[in-house]
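All the letters of the sequence shown, read from the start, carry residue numbers 1 to 305 under full-length UniProt numbering.
To keep things clear, I will list the structure first and then write my remarks on it.
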Amino acid sequence: MDRRDFLQKTLVGAAVAAAAPWNLLARPYPQGEGLGKPGESNPLRLSFQENTAPGETLAERLDYMEAHGVTGFEPGGKNLSARVGELKQALRGRNISVSAICAGFSGFILSEQPEVRAEFDRTMREIIAAAGELGSTGVIMVPAFNHQVPVMPHTPQTRDYLVEQLRKLGDYAREQGTTVILEPLNRKEAHYLRQVADAASICRDTGSRGVCCMGDFWHMTAEETSDYGALWSGGRYLRHIHIASRGTRQMPGENGDKDNYVDGFRALKEMAYPYYVSFECGCAGDRTVSVPAALELIREQWAKA
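See below:
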């Protein structure tokens, strides 16, 4: 191809792309999985972990969530199979659905010890099955925390092993009507898998629609150079978001001006992100004051994004 042919073909391609009403390459989600219309974003869907809302009992906390427009509930995964009936009953008739399930398995997938890996696989599959019964978006997992040893070395072979094992888990999760969600952490908690793009590349390489990833503003504060870029790098694989204050991992807003999420929210709105932004945080102050203030802050920043 000579220079003239190259330029002509390039200009034709550019004209087609410009004429298209919506660039297919920019679609983060397949049709039918929450994709918004061009130029429109999905509404902000907020979720609380089990002990985020004020209240002494689960019923009181769910009442509080409904009264404040929080429509997602993120329980822990430990003993989840024994709680399926309880949680279904607690949520019956409410405008609240189960969002993600936060871990809860035993063992870890990258252990050098076969019995530890087997324990992970057994307990993870139990949680996945329960998550499917509850209609959850997915079960959050971390390949290995820093304190979990002995661990496989960080080599291409280990990554290949992780991809293969996640493919099996992801396919099982799809059978159960849910997903597996990889969570990148900051280096103080986990050296393996620290950025959203790395998690997304693993999701891609599994070839399983049951393997997804998430972003966590707390961990992103330490590991990402841009909230906007990090969340866009998750693309179609992004299934869940955690949020906390950016200095001490408390309630959003408790760290003052540090608690700015607008750049990340702009990415979520542009990609028509259809899933939940879930509180995973402590609370330094009075929950009856800090929680509604955090909800107000997040909604203001979402509107600004």
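The beta-carbon is built from N, C-alpha and C at its ideal position, and this holds for glycine as well.
Best match in the options for proximity to residue i [C-alpha to C-alpha]
{"i": "L238", "options": "D216, T248, E223", "result": "D216"}
{"i": "N186", "options": "C212, S278, P274, W218", "result": "W218"}
{"i": "T206", "options": "L231, K188, T179, G76", "result": "T179"}
{"i": "V98", "options": "Q89, R249, E60", "result": "Q89"}
{"i": "Q176", "options": "C212, G235, T155, E126", "result": "E126"}
{"i": "N51", "options": "G282, E133, S201", "result": "G282"}
{"i": "A67", "options": "P292, A305, K304, R299", "result": "P292"}
{"i": "G104", "options": "K78, V277, R159", "result": "K78"}
{"i": "E133", "options": "V149, L166, R83, Q113", "result": "R83"}
{"i": "S47", "options": "I96, D63, E86, L91", "result": "I96"}
{"i": "H242", "options": "T155, Y275, A59", "result": "Y275"}
{"i": "Q148", "options": "R117, P252, S81, N260", "result": "R117"}
{"i": "T137", "options": "V277, V289, E300", "result": "V277"}
{"i": "S41", "options": "E280, F73, V196, A272", "result": "A272"}
{"i": "L169", "options": "I298, R122, R94", "result": "R122"}
{"i": "V196", "options": "T155, H240, L297, D160", "result": "H240"}
{"i": "F73", "options": "G93, F279, E56, I298", "result": "F279"}
Start-to-end residues for the alpha helix (DSSP H) that takes in residue i
{"i": "F217", "result": "217-223"}
{"i": "Q250", "result": "Taken as a continuous stretch (DSSP letters only), Q250 belongs to no alpha helix (DSSP H), as it is neither H nor E."}
{"i": "F265", "result": "262-270"}
{"i": "K88", "result": "80-91"}
{"i": "P156", "result": "156-175"}
{"i": "L295", "result": "287-304"}
{"i": "T206", "result": "196-206"}
{"i": "A53", "result": "Looking at the DSSP string, A53 is not in any alpha helix (DSSP H), and its letter there is neither H nor E."}
{"i": "Y228", "result": "227-234"}
In DSSP terms, what residue i is bridged to
{"i": "L182", "result": "M141, C213"}
{"i": "A100", "result": "G138"}
{"i": "F48", "result": "F73, F279"}
{"i": "S111", "result": "V151"}
Opening and closing residue of the beta strand (DSSP E) in which residue i lies
{"i": "V277", "result": "277-279"}
{"i": "E74", "result": "72-74"}
{"i": "R239", "result": "238-243"}
Beta-carbon proximity list for residue i, same chain, < 6 angstroms, skipping 5 on both sides
{"i": "A173", "result": "I128, T179, V180, G210"}
{"i": "L44", "result": "W302"}
{"i": "A26", "result": "Residue placement at A26 cannot be trusted, given a pLDDT of 33 that sits under 50; what the coordinates show is reported in the next sentence. Result list for A26: empty, nothing under 6 angstroms."}
{"i": "A131", "result": "I101, V139, T178"}
{"i": "A305", "result": "V262, F265, R266, K269"}
{"i": "P75", "result": "E50"}
{"i": "E33", "result": "Because E33 sits at a pLDDT of 47, beneath the cut-off of 50, its placement in the model cannot be relied upon, and the point is left open."}
{"i": "V70", "result": "L46, F48"}
{"i": "G85", "result": "none"}
Neighbourhood of residue i by C-beta distance below 7 angstroms, restricted to the same chain and skipping five residues each side
{"i": "residue 307", "result": "Shown here, the chain extends from 1 to 305; a query on residue 307 therefore has no answer."}
{"i": "M220", "result": "D227, A230"}
{"i": "R287", "result": "P54"}
{"i": "A200", "result": "C213, S233, G234, G235, Y237"}
{"i": "L162", "result": "I109, L110, P143, I202"}
{"i": "T158", "result": "L110, M152"}
Contact test: residue i Cβ vs the ligand FMN heavy atom, cutoff 8 angstroms
{"i": "F279", "result": "Annotation note on the ligand FMN: not contained in the displayed structure, which lists no ligands."}
8 angstroms contact criterion, which residue i and residue j should meet: CB distance rounded
{"i": "M152", "j": "E183", "result": "No, M152 and E183 are not in contact; Cβ-Cβ is about 18 angstroms, not under 8 angstroms."}
{"i": "E254", "j": "G285", "result": "7 angstroms"}
{"i": "R204", "j": "E223", "result": "Contact flag wrong, Cβ pair sits at about 20 angstroms."}
{"i": "E119", "j": "G135", "result": "27 angstroms between Cβ atoms; not a contact."}
Neighbourhood of residue i by C-beta, 8 angstroms cutoff - its chain only, sequence neighbours within 5 removed
{"i": "K258", "result": "S245, R246, G247"}
{"i": "M141", "result": "A103, F105, I109, M124, V180, I181, L182, E183"}
{"i": "Q113", "result": "P150"}
{"i": "L295", "result": "L46, H68, G69, V70"}
Min CB distance residue i to chain C below 9 angstroms
{"i": "A67", "result": "In the structure shown, chain C cannot be found, because there is only a single protein chain."}
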